[in-house]
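Trainee: Protein sequence lines correspond, in order, to chains A and B.
FYI, the numbering for the first sequence is 7 to 120, going by this note's numbering.
FYI, the numbering for the second sequence is -3 to 111, going by this note's numbering.
We put the beta carbon where it would ideally sit given N, CA and C, even for glycine.
It should be emphasised that the depicted structure is a prediction, and the values quoted were computed from it without experimental measurement.
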Amino acid sequence: DQQVKQNSPSLSVQEGRISILNCDYTNSMFDYFLWYKKYPAEGPTFLISISSIKDKNEDGRFTVFLNKSAKHLSLHIVPSQPGDSAVYFCAASGVGGSARQLTFGSGTQLTVLP
Amino acid sequence: DAGVTQSPTHLIKTRGQHVTLRCSPISGHKSVSWYQQVLGQGPQFIFQYYEKEERGRGNFPDRFSARQFPNYSSELNVNALLLGDSALYLCASSLAGQGTNQPQHFGDGTRLSIL
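So this is what it looks like as structure tokens:
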């Protein structure tokens, strides 16, 4: 039972354009959402997060949108750069016991073409 | 500042052996979590420790165990290794273990191969 889903395994975008990565979740107890970027042979790098009390959070070129009613979040990267080419993981955590464990999607490979 | 460090970076074992993986969190972080990532999937939660106590356990068999030391570093132990244990094992640390929203920061992982 996948509680966090990233339905697009890959996405290609031209340099300078917008990249939009999508993520859906099923567990209504999730209240904190994060995006990570992963290069080969490295661990995931934290990009941006959003709490369930917000619907938007921005950090430079990265913006995360949260639609709680649709249980959907998205990451917008504007403008996209070749160095953004990586696997992007959506993750969620919720109030369940005392552990703030992260539940990850399966990732989307973003390729930014020069 | 040093990030999360993990050792070793690569390890090859045979079925039935046991393995110990090590993790040092970011300075000041008291929470350490362990994840397993197999090819083509996202990381899967194994354990979380906060202030040296286990605070959460994922859906992994009892062959997996962990502990956290007074300096907040951590070890993950896996006994009776199976071929299916071949994966990238990731350690993550964060400022808080519960109650507050803090991002987890990951090390580069230990690549474990079982022959």
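(1) I need the DSSP call for S104/A, collapsed to helix, strand or coil.
(2) How many Å lie between P4/B and N67/B at the Cα?
(3) Run down chain A in chain order and give the residues with a C-beta less than 9 Å from the C-beta of N55/B.
(4) Note down, in chain order, each residue of its chain lying with its Cβ closer than 6 Å to the Cβ of F43/B, except the 5 sequence neighbours on either side.
(5) Nearest to P85/A by alpha carbon, out of E21/A, E48/A and L17/A?
(6) When the Cα atoms are used, what is the spatial distance from A76/B to D58/B?
(7) For G103/A, I'd like the list of residues in its chain whose CB is within less than 8 Å of its CB, leaving aside the five on either flank, ordered along the chain.
(8) Within 8 Å, do at least three Cβ pairs link the segment 110 to 117 of chain A to the segment 85 to 95 of chain A?
(9) Comparing alpha-carbon positions, which option in P46/A, N73/A, S18/A and Y45/A lies nearest I56/A?
(10) Need the endpoints of the beta strand (DSSP E) that Y31/A sits in, please.
(11) Closer than 8 Å by beta-carbon distance: list the chain A residues that pair up with F60/B, in chain order.
(12) Could one say the Cβ of L35/B lies closer than 8 Å to chain A's Cβ atoms, at least one of them?
(13) Which residues of chain A have a Cβ atom closer than 7 Å to the Cβ of G38/B, listed in chain order?
(14) Mind listing, in chain order, the continuous beta strand (DSSP E) runs of no fewer than 3 residues lying wholly within the segment 45 to 113 of chain A?
(15) Taking the alpha carbon of W41/A as the point to measure from, which residue in S18/A, K11/A and N33/A has its own alpha carbon closest?
(16) Go ahead and pull the three-state DSSP assignment for D37/A.
(17) Using C-beta distances below 8 Å, list every residue in its chain close to S109/B, excluding the 5 sequence neighbours before and after it, in chain order.
Mentor: Answer, in terms of the structure:
(1) As a first step, residue 104/A must be located in the first sequence, where it is residue number 98. In this predicted model, S104/A has a pLDDT of only 46, less than 50, meaning its place in the structure is not dependable; the value taken from the coordinates is given anyway. Coil at S104/A, not helix or strand.
(2) Taking the second sequence and counting its residues from 1, the one referred to as residue 4/B is at position 8. Taking the second sequence and counting its residues from 1, the one referred to as residue 67/B is at position 71. Roughly 19 Å separates the two Cα atoms.
(3) Taking the first residue of the second sequence as 1, we reach residue 55/B at position 59. Residues of chain A passing the Cβ test: none, with the nearest at roughly 11 Å.
(4) By one-based count along the second sequence, residue 43/B stands at place 47. Excluding positions up to five away in sequence, the list reads W30, R53 and A62.
(5) Numbered from its first residue, the first sequence carries residue 85/A at position 79. Selected option, being the one with the closest Cα: E21/A.
(6) If you number the second sequence from 1, residue 76/B lands on position 80. If you number the second sequence from 1, residue 58/B lands on position 62. Spanning the two alpha carbons is a distance of roughly 10 Å.
(7) Residue mapping note: residue 103/A aligns to position 97 of the first sequence, counting from 1. Caution is warranted here: a pLDDT of 46 is assigned to G103/A, below 50, making its placement in the model unreliable, and the coordinate value is therefore given only provisionally. Cβ within range, chain order: n/a, list empty.
(8) Yes, the segment 85 to 95 of chain A is in contact with the segment 110 to 117 of chain A.
(9) In the first sequence, counting from the first residue as 1, residue 56/A sits at position 50. With distances taken between Cα atoms, I56/A lies closest to N73/A.
(10) Stepping through the first sequence from its first residue, residue 31/A is reached at position 25. Y31/A -> beta strand (DSSP E) spans S25 to Y31.
(11) Position 64 of the second sequence holds residue 60/B. The premise fails here: F60/B is roughly 14 Å from chain A at the closest Cβ pair, so nothing lies under 8 Å.
(12) As a working mapping, residue 35/B is identified with position 39 in the second sequence. No, L35/B does not count as interfacial toward chain A.
(13) Looking up residue 38/B in the second sequence gives position 42. Per Cβ cutoff of 7 Å: F95, F110, G111, S112 and G113.
(14) Residue ranges of uninterrupted beta strand (DSSP E) with 3 or more members, entirely inside the segment 45 to 113 of chain A and ordered along the chain, are 51 to 57, 62 to 65, 68 to 73, 78 to 83 and 92 to 100.
(15) As a position in the first sequence, residue 41/A is number 35, starting the count at 1. It is K11/A whose Cα lies nearest to the Cα of W41/A.
(16) One-based indexing of the first sequence puts residue 37/A at position 31. Strand, per DSSP.
(17) For the purposes of this step, residue 109/B is taken as residue 113 along the second sequence, with counting starting at 1. Cβ within range, chain order: H6, L7, I8, K9 and S82.
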